[in-house]
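Just below is one structure, and these are the notes that go with it.
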Amino acid sequence: MRFFSILTLATSVSAGLLSRHGDRDKCLKQRDVDGLVEAYKSILSAWDPAKADFLADENFFGYSDSINTVAGIGTGFPIFPNKQAFVDRQNASPDNLPLTIVEVGPWNCNQITVIWSATFTKVPGGTPLPVRGIVVLESNWNKKQKQFEIQNIKVEFNSMNFFRNTGGICERR
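In terms of this note's numbering, the sequence shown opens at residue 38 and continues consecutively.
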């Protein structure tokens with residue numbers, strides 16, 4: 038009887054470990070976090086259409102009341118309702134900001150919090166002003182590509198300095 042109790046316990050423990058191991062691909066690990074943060078940074082600092090591979094094909098969106106405000110659009114809804122809208126905007130007029138990652142974390146199974154900064158001006162002869170922001174990247178596991186991808190981007194930042202750095206002109210998106 039005791040043998041069966043021990044066998045049952047051992048089987049339960051190993052099954053639990055195996056099931057957790059099987060789910061490992063569905064939760065972020067440090068290398069995944071590092072890769073997604075670098076992908077986010079490169080998407081905004083050195084746009085190349087091939088980088089869109091890190092964005093989810095389905096249900097992607099970008100949300101930012103800061104961008105909506107600078108663009109003169111109402112707040113409370115996504116600025117990029119899907120991946121194609123984001124890619125089209127970046128292809129037409131890439132941000133190419135000198136983004137510096139200040140801090141990464143906290144992060145959990147599918148979300149990463151990042152604090153970033155960028156000091157720049159797009160105004161000829163203008164004075165570069167610092168812009169600091171925070172972004173929450175939500176990810177999902179792409180079974181086909183066997184990698185995590187960015188499902189959505191929620192970013193807020195010092196919109197007044199951004200507005201000044203862009204000459205007070207921001208196209209409607």
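Note that beta-carbon positions come from the ideal geometry of N, C-alpha and C, so glycine has one too.
Everything numeric in this text was worked out from a predicted model, so none of it was measured.
task = Output yes or no for whether 8 Å exceeds the beta carbon distance between residue 120 and residue 94.
result = Within the sequence shown, residue 120 is the residue found at index 83, counting from 1. Within the sequence shown, residue 94 is the residue found at index 57, counting from 1. In this structure, residue 94 lies closer than 8 Å to residue 120 by Cβ.
request  = In angstroms with no decimal places, state the Cα-to-Cα distance between residue 164 and residue 199.
outcome  = Within the sequence shown, the letter at position 127 stands for residue 164. Within the sequence shown, the letter at position 162 stands for residue 199. Taking the straight line from one Cα to the other gives about 12 Å.
ask   = Tell me, which residues are paired with residue 156 by DSSP?
value = For the purposes of this step, residue 156 is identified with residue 119 of the sequence shown, where counting begins at 1. In the DSSP output, where bridge partners are listed per residue, residue 156 has 167.
request  = Along the alpha helix (DSSP H) that carries residue 75, what are the first and last residues, could you check?
outcome  = In the sequence shown, counting from the first residue as 1, residue 75 sits at position 38. Segment 67-82, the alpha helix (DSSP H) holding residue 75.
request  = Starting from the C-beta of residue 96, find all residues in its chain whose C-beta is less than 7 Å away, skip the five residues before and the five after it, and write them out in chain order.
outcome  = In the sequence shown, the residue the question calls residue 96 occupies position 59. Excluding positions up to five away in sequence, the list reads 188.
Test item: CB-CB of residue 82 and residue 135 under 8 Å = Stepping through the sequence shown from its first residue, residue 82 is reached at position 45. Stepping through the sequence shown from its first residue, residue 135 is reached at position 98. Yes; because the gap between Cβ atoms is below 8 Å, this pair is in contact.
ask   = What are the boundary residues of the alpha helix (DSSP H) that includes residue 184?
value = The residue given as residue 184 occupies position 147 in the sequence shown. It is not in any alpha helix (DSSP H) - residue 184 instead sits in the beta strand (DSSP E) that spans 184-194.
request  = Report all residues from its chain with a CB closer than 7 Å to the CB of residue 142; omit the five preceding and five following residues, and keep chain order.
outcome  = Here residue 142 is taken as the residue at index 105 of the sequence shown, counted from 1. The answer, listed in chain order, is 150.
task = Following the continuous beta strand (DSSP E) through residue 138, name the residue where it begins and the one where it ends.
result = Here residue 138 is taken as the residue at index 101 of the sequence shown, counted from 1. Element bounds for residue 138: 137-144.
Alpha-carbon to alpha-carbon, residue 184 and residue 61 = The sequence position of residue 61 within the sequence shown is 24, counting from 1. The sequence position of residue 184 within the sequence shown is 147, counting from 1. Since pLDDT at residue 61 reaches only 47, below the 50 mark, its modelled position is unreliable, and the value read off the structure follows with that caveat. Roughly 12 Å between the two C-alpha positions.
task = Output the distance between the C-alpha atoms of residue 59 and residue 76, rounded to the nearest integer angstrom.
result = As a position in the sequence shown, residue 59 is number 22, starting the count at 1. As a position in the sequence shown, residue 76 is number 39, starting the count at 1. Low confidence applies here, because residue 59 scores a pLDDT of 47, under 50, leaving its location unreliable; read the following figure in that light. When rounded, the distance between both Cα atoms is 26 Å.
task = Can you tell me which of the three DSSP states residue 104 falls into?
result = As a first step, residue 104 must be located in the sequence shown, where it is residue number 67. Three-state result, residue 104: helix.
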